[in-house]
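Written out below as structure tokens is the structure these notes cover.
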Amino acid sequence: MCSIEKQGSLFILILNGEEDDQHRLNPTLISSILSALSQIKSQATAGSALVTVARGGSGNFFCNGFDFRWAQAAGSQSGARQRLRHMSDSFRQVVAAFVSLPMPTVAAVSGHVAAAGLVLAFAHDYLLMRSDRGVMYMPEVNLGITLPDYFAAAMRAKIGSPVALRNVVARGVKVRAKEGVELGIVHSAHDSVEGTVEAAMRLGEELAGKEWVGESYAEIRKSLYPQMCSTLSLTHKLIISKI
Amino acid sequence: MCSLEKRGNLFFLTLTGDDQHRLGPPLISSILSTISKISSQANAGSVLITTAHGKYFSTGFDLSYARSAPSPSEAIDRLKSMVESLRPVAAAFMSLPMPTIIAVTGHAAAGGLMLPICHDYILMRSDHGVLLMPEVDLGLPLPDYFAAVMRERIKSPAALRDMMLRGVKVTGEEGVKMKIVDSVYDSAERTIDAAVRLGEELARRKWNGEVYAEIRKSLYPESCQVLGLIQKQLVSKI
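Chains as they are written, first to last, in UniProt numbering: chain A, 1 to 243; chain B, 1 to 238.
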């Protein structure tokens, strides 16, 4: 499950670790994030910013992707596939909600982040990562699973170098924070969980201090990622708030 | 306004005056008619060098002209009309049948950044001037062709985000690191000298201009689409 804390202009979206410290995305967590985002969106004002953090348990995971345990609990292969497809369809709305959220978004990636979890991190404008442990990777190629269209679109949108894109998506290479900075995927690397979260909060406050008009911000963001928007069925609006 | 001068193979399009070269209807139409004149005089070996006088390259659309409209809705109409009239300027640069070089010797912001970003080579001075997309600060969305050209010219997702979604000011040297700017020089004169040297070097290739323009267009398919440019198949010689 997730919860929201408000600190001044910052909304803090917390992935809690009571049930599962890997924060695996199952229908419960997915719908909890979706309703949190919808609540945050309804309370947004100029100068809001969102910081996503993971808490609880060993602290070694930010998000380890879809919850395969839940899929496998269906008891049959076809049932498991159906459950996976269900998660993939409902998580699409989470990514769409991030991409259209009317405020800057920062992810404090304080541990491993894989598969759908990496898509969640990439759905933010800024990805900060802890450097002392934790990797980001896309294990689909190893698992023999293809990427949902919006996963691939998110990877293409956020990983500019064709070589890095191939390595992450088609080779399952594990990327540490400092390598991520070199590849231009990670905004900054920090040497502890606390350091990562503090830096994310500082960045969030700095961005909030700009008091950007949220609706225009969301439209500019969407104009950066046309392919991702088209797989997420997000359309553009023309907004001129003031001149 | 802008002036046109021809020296050998080089066309010089210059934004004249020491003002901010704000893109109001007069400057936009002056640039458009100058490019059309250049296009009609193009030969194999022609090269365009664009420069501007003063501290500012161009600070974008003339918002004071828009704001001086009698009502807010007419102000928005004026802005929209400037956005639409700059579109053919971007299209004209993207389809100009010759290599294009810009010597950015002062600030280039918003619509004023569209001009450099539509040139093949961006040379910039390092001692003064920034590239900037302030739309996020102004609460204005980006016109579709701005976004398309920026996406196709700035391939690093982080650089693109920093410019468009954070409005960071990019100096010449940062622009080189972000792979937006080709090279920097420590004064306006040196920037222009370097642009001329590059221009002469490219002119010596005597490229077929029409083919050159088609090849350029094939590099930027999304920009061409929003700018209404259609690609042609040409075989000038085999």
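In this text, a Cβ means the ideal position worked out from N, Cα and C, and glycines have one as well.
Within the segment 91 to 143 of chain A, complete alpha helix (DSSP H) segments of at least 4 residues are found at 116 to 122, 140 to 143, given in chain order. For residue 151 (chain A), the uninterrupted alpha helix (DSSP H) run begins and ends at 149 to 158, by DSSP. Considered as a whole, the segment 62 to 129 of chain B harbours 63 to 67, 72 to 94, 111 to 117 as its complete alpha helix (DSSP H) runs of no fewer than 4 residues, in chain order.
Ranked by Cα distance from residue 216 (chain B), the first of B:81, B:66, B:120 is B:120.
For residue 51 (chain B), the enclosing beta strand (DSSP E) covers residues 47 to 52. Judged by DSSP secondary structure, residue 216 (chain B) falls outside any beta strand (DSSP E) and instead within the alpha helix (DSSP H) spanning 209 to 219. Residue 238 (chain B) counts as exposed, since fewer than 16 other beta carbons sit within 10 angstroms of its beta carbon. For residue 76 (chain B), the nearest CB of chain A lies under 9 Å from its own CB, placing it at the interface with that chain.
The alpha-carbon separation between residue 53 (chain B) and residue 37 (chain A) amounts to approximately 49 Å. The criterion of a C-beta distance shorter than 9 Å is satisfied by residue 108 (chain B) and residue 132 (chain B). Setting aside the 5 residues that flank it on each side, residue 7 (chain B) has no residue in the same chain whose C-beta is closer than 8 Å to its C-beta. Any Cβ of chain A closer than 9 Å to the Cβ of residue 17 (chain B) would place that residue at the interface, and such an atom is absent.
Taking a cut-off of 8 Å for Cβ pairs, the segment 61 to 71 of chain A and the segment 115 to 127 of chain A touch, as three or more such pairs fall below it.
Taking 7 Å as the cut-off between beta carbons, the residues of the segment 157 to 176 of chain B near chain A are 157, 158, 160, 161, 164, 165, in sequence order.
Counted as a single uninterrupted DSSP element, the stretch harbouring residue 13 (chain A) is not any alpha helix (DSSP H) but the beta strand (DSSP E) occupying residues 10 to 15. Per DSSP, residue 39 (chain A) is one residue of the alpha helix (DSSP H) stretching across 27 to 42.
Residue environment: residue 167 (chain A) is assigned as buried (16 or more neighbouring CB atoms within 10 Å of its CB, all protein chains considered). Here the alpha carbon of residue 23 (chain B) sits roughly 8 Å from the alpha carbon of residue 59 (chain B). Apart from sequence neighbours up to five positions away, the residues of its chain that approach residue 82 (chain B) with a beta-carbon distance below 6 Å are 61, ordered along the chain. Residue contact with chain B for residue 226 (chain A): present (Cβ-Cβ distance below 9 Å to some residue of chain B). Under the criterion of beta carbons closer than 8 Å, residue 216 (chain A) and residue 136 (chain B) qualify as touching, at roughly 7 Å.
Excluding five sequence positions before and after residue 187 (chain B), the CB atoms of its chain that fall closer than 8 Å to its own CB belong to 125, 127, given in chain order. With a threshold of 16 other beta carbon atoms within 10 Å, residue 1 (chain B) falls short and is exposed. In this chain, the beta strand (DSSP E) harbouring residue 6 (chain B) covers 2 to 7. Annotation: residue 61 (chain A) is outside any alpha helix (DSSP H); the continuous beta strand (DSSP E) that includes it extends over 61 to 63. Contact between residue 95 (chain B) and residue 198 (chain B) is absent: CB atoms are separated by about 21 Å, not below the 8 Å threshold.
Put simply, the CB of residue 139 (chain B) is near chain A, with a gap under 9 Å to one of its CB atoms.
Within the segment 152 to 214 of chain A, the complete alpha helix (DSSP H) segments at least 4 residues long are 162 to 165, 177 to 182, 193 to 208, listed from N- to C-terminus. Counting only Cβ-Cβ distances below 9 Å, residue 184 (chain A) has contacts in chain B at 156, 157, 158, 159, in chain order. Residues of chain A whose Cβ lies closer than 9 Å to the Cβ of residue 22 (chain B) do not exist; the shortest such Cβ separation is about 13 Å.
Per DSSP, residue 237 (chain A) is not a residue of any beta strand (DSSP E), being assigned neither H nor E. For a Cβ distance threshold of 9 Å, residue set 161, 165, 166 of chain B lies close to residue 125 (chain A), ordered along the chain. For residue 213 (chain A), the residues of chain B that pass the 8 Å Cβ criterion are 139, in the order they occur in the chain.
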